[in-house]
Amino acid sequence: MAKDKKKQVEQITDMEQDFAQWYTDVCKKAELIDYSSVKGLFTLRPYGYAIWENIQAILDGMFKDTGHENLYLPMLIPESLLQKEKDHVEGFAPECAWVTVCGEETLEERLCIRPTSETLFCEHFADIIHSWRDLPKLYNQWCSVLRWEKTTRPFLRHREFLWQEGHTMHETKEEAIEETERMHEIYARLCEDYLAMPVVKGKKTEKEKFSGAEATYTIECMMHDKKALQNGTSHYFGDGFARAFDISFTDRENKQAYPFQTSWGITTRTIGGIIMTHGDNNGLILPPRIAPIQVIVIPVAQHKEGVLEAAQALLPRLKEAGIRARIDVSDQSPGWKFAEYEMKGVPLRLELGPKDIEKEQCVLVRRDTGEKRFTPLAELEDSIAALLEDIQANLFQRAKENLEEHSFTARSLEEARAIQEARGGFVKTMWCGEEACELKMKEEAGMSSRCMPFEQETLDTRCAICGAPAKHMVYWGVAY
RNA sequence: CCGGGCGUAGCGCAGUUUGGUAGCGCACCUGCUUUGGGAGCAGGGGGCCGCAGGUUCGAAUCCUGUCGCCCGGACCA
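Everything in the first sequence is counted per our numbering, starting at 4 for the first residue and increasing by one.
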């Protein structure tokens, strides 16, 4: 028994010993990802891609429900187009990859492989927006983008990553801000209701906001190792890009006006967040609502008469009930299968053996708690549906406790540093609004500003770093 | 990009110090026995040692370059 246990643990690195290695082990051994021959470019394997497809389906539904349309723009941006907005170019230039040669010909103008598509959308918007009647334009595209990062990690930092980027144009500033907030709220709902990841919602500071944006809204999640992960951002651009790209329309008073713009995106990095939020030393744990397989059926002693047939007969029943189930009929031992699907984070395991068939029951085992339960086959669909809901709720609750138990308050830089060193997590302080104080916090406590939460509190009247009058409460943390 | 570590079979590693024709465990294939927590026995297949140069009669081993991976820093979704 003790020997068996040891064998399981040896499969992946202990998360408390080496969280980064644990993370890489899970990505590989749960068959989410594979490395390719180019640094930072990864193969998303079917099981990993299926998680993305589930996230896509949920988000795409919410986008459509709020009136957005999908479209597709080119992947290459001429240099001259990219350079039209100054802040934007400066932000992205260091990580752009360029196409300079096609076949035997050197191009007259080099083409950037899109790191994001604001400029392309602007070029297109300039063509199609002429009247207030053309607004709003509520567009989204699913695609991949390229950013030549120095350091790369599965899901968390790819050079090419999959995402969606929404780009919208509005008649008024108020409408655009409302849109920015609406999409921000959709990301928060995705995280909390589907991914079981509690979020802190707020705005980025001037220093941390998107290149070219007037305001960046963010949701920040806390990982198991107490580090922060930004998971979905939403930007309000004002009319800066519209002016730079000469997008104008005739308004209701027959005057020329510039439209107000937003963009918002979420990426496959979210999958990394799911792994680091819920996983444990037996591998991945997937929230039922996005798990590609919600129930894995494992026949026990499947060579015995009637076992395989009885197990297989459960699948159409579960499918009928809207449950994503699969059966493993390979000739691996049951123990091997148990460990395998735990590694893959399947929320529920259903065991069916000769003894169960005799008693018209099966065994249901939860991935999150390991709890085993004998369930009459007659009640199968209801029991499973209830258990999946309970697992979803439990994962959220656990993550919420982690967030709450590791969110602290500090009144001085020294106190913030001490908390970060001893406990990790988020530290909230008051802040004067000066970038110098952000830099100082980074230097002396190793934390960057994560966000200025919407739910502001008055912890003090003075900035914790310089003592000047405070303007905002800020969450600080060590970020991925 | 800077510092450190590492590239030998699908995975994990030994062999490199002292050059001499590549090995172990797991995985894989075949057969039999097994099957309620990663099964057992027997047999079998697979690697020009990351890549490119160089030194040498001879290079996994020595030299130069290069690419990649991991950890930490700086940069970022």
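For each residue, glycine too, the CB sits at the ideal point set by N, CA and C.
Name the DSSP bridge partner or partners of residue i?
{"i": "Lys431", "result": "Thr412 and Tyr478"}
{"i": "Pro73", "result": "According to the sequence provided, residue 73 is Asn. The question's Pro does not apply to it. Per DSSP, Asn143."}
{"i": "Met455", "result": "Lys206"}
{"i": "Cys115", "result": "Ile80 and Trp101"}
{"i": "Trp135", "result": "The partner list for Trp135 (beta bridge, DSSP) is empty, contrary to what the question assumes."}
{"i": "Phe164", "result": "Val148"}
{"i": "Cys365", "result": "Thr378"}
{"i": "Ala328", "result": "Val298"}
{"i": "Tyr38", "result": "Phe45"}
{"i": "Arg465", "result": "Pro472"}
Cutting at 7 Å between CB atoms, please list the residues of its own chain near residue i, excluding the five before and the five after it.
{"i": "His409", "result": "Met225, Lys229, Arg426, Gly427, Gly428 and Phe429"}
{"i": "Ala260", "result": "Ser251, Phe252 and Asp254"}
{"i": "Ala313", "result": "Leu355 and Ile360"}
{"i": "Ile132", "result": "Leu138, Lys140, Met172, Ile250, Phe252 and Pro262"}
{"i": "Lys375", "result": "Val366 and Val368"}
{"i": "Glu19", "result": "none"}
{"i": "Gly57", "result": "A small correction: the amino acid at residue 57 is Asn; Gly does not occupy that position in the sequence shown. Cβ neighbours of Asn57 beyond the five flanking positions: Ile293 and Pro295."}
{"i": "Ile61", "result": "Leu193 and Tyr197"}
Excluding five sequence neighbours on each side, which residues of the same chain lie with their C-beta closer than 6 Å to the C-beta of residue i?
{"i": "Lys8", "result": "For Lys8, the pLDDT reaches just 31, beneath the cut-off of 50, and the residue's location in the model is therefore unreliable, leaving the point undetermined."}
{"i": "His170", "result": "Phe124, Tyr142 and Ser266"}
{"i": "Glu163", "result": "Leu44, Ser147 and Leu149"}
{"i": "His91", "result": "Ser214 and Gly215"}
{"i": "Cys115", "result": "Ile80, Leu85, Cys99 and Trp101"}
{"i": "Glu34", "result": "Arg48 and Tyr50"}
In this structure, how does DSSP classify residue i when only helix, strand and coil are distinguished?
{"i": "Cys99", "result": "coil"}
{"i": "Thr280", "result": "helix"}
{"i": "Tyr190", "result": "helix"}
{"i": "Phe45", "result": "strand"}
{"i": "His173", "result": "strand"}
{"i": "Ala304", "result": "coil"}
{"i": "Arg376", "result": "strand"}
{"i": "Glu107", "result": "coil"}
{"i": "Val203", "result": "strand"}
{"i": "Leu317", "result": "helix"}
{"i": "Lys6", "result": "Confidence in Lys6 is poor, its pLDDT being 30 and thus under 50, which makes the residue's placement unreliable; the coordinate value appears in the next sentence. Helix, per DSSP."}
{"i": "Ser386", "result": "helix"}
{"i": "Trp151", "result": "coil"}
{"i": "Ala294", "result": "coil"}
{"i": "Gly286", "result": "strand"}
{"i": "Ala33", "result": "coil"}
{"i": "Ala23", "result": "helix"}
{"i": "Ile58", "result": "helix"}
{"i": "Ile15", "result": "coil"}
{"i": "Glu354", "result": "strand"}
{"i": "Tyr483", "result": "coil"}
{"i": "Arg156", "result": "strand"}
{"i": "Arg426", "result": "coil"}
{"i": "Arg370", "result": "coil"}
{"i": "Gln335", "result": "coil"}
{"i": "Glu88", "result": "coil"}
{"i": "Lys347", "result": "coil"}
{"i": "Met450", "result": "coil"}
{"i": "Gly51", "result": "helix"}
{"i": "Gly309", "result": "coil"}
{"i": "Leu2", "result": "Since the displayed the chain opens at 4 and closes at 483, residue 2 lies outside it and no answer follows."}
{"i": "Glu437", "result": "coil"}
{"i": "Glu182", "result": "helix"}
Let me make sure I understand the geometry here. Which of the options has the alpha-carbon closest to that of residue i?
{"i": "Glu209", "options": "Phe158, Trp434 and Glu126", "result": "Trp434"}
{"i": "Arg156", "options": "Gly275, Glu126 and Ala216", "result": "Gly275"}
{"i": "Trp55", "options": "Ile36, Glu72 and Asp68", "result": "Ile36"}
{"i": "His161", "options": "Asp90, Ile277 and Val41", "result": "Val41"}
{"i": "Phe244", "options": "Gly215, Glu108, Ser386 and Phe95", "result": "Gly215"}
{"i": "Lys403", "options": "Gln20, Thr183 and Val202", "result": "Val202"}
{"i": "Asp242", "options": "Gln305, Glu121 and Pro81", "result": "Glu121"}
{"i": "Glu256", "options": "Gly51, Arg401, Gln20 and Trp135", "result": "Trp135"}
{"i": "Asn405", "options": "Ala199, Ile15 and Ile80", "result": "Ala199"}
{"i": "Lys212", "options": "Thr236, Lys204 and Ala482", "result": "Thr236"}
{"i": "Ser336", "options": "Asn397, Gln305 and Gly64", "result": "Gln305"}
{"i": "Arg401", "options": "Asp283, Tyr483 and Leu380", "result": "Asp283"}
{"i": "Glu152", "options": "Phe128, Thr183, Thr372 and Phe95", "result": "Phe95"}
Excluding the five sequence neighbours on either side, which residues of its own chain have a C-beta within less than 8 Å of the C-beta of residue i, listed in chain order?
{"i": "Met476", "result": "Lys431, Thr432, Met433, Trp434, Met455, Pro456, Gln459, Glu460, Thr461 and Leu462"}
{"i": "Gln11", "result": "In this predicted model, Gln11 has a pLDDT of only 36, less than 50, meaning its place in the structure is not dependable; the value taken from the coordinates is given anyway. Excluding residues within five positions, the ones whose Cβ falls inside 8 Å are Asn285 and Ala342."}
{"i": "Thr464", "result": "Met433, Pro472 and Ala473"}
{"i": "Glu437", "result": "Cys466, Cys469 and Ala471"}
{"i": "Ile326", "result": "Gln297, Val298, Glu384, Ile387, Ala388 and Leu391"}
With a threshold of 7 Å, establish whether the CB of residue i neighbours any heavy atom of the ligand SAM.
{"i": "Val41", "result": "Absent from the structure shown: the ligand SAM. Ligands present: none."}
**Prompt:** At what residue ranges does the stretch 210-275 contain a whole run of the beta strand (DSSP E), taking only runs of 3 or more?
**Reply:** List check, beta strand (DSSP E) in window: 218-225, 231-241 and 263-270.
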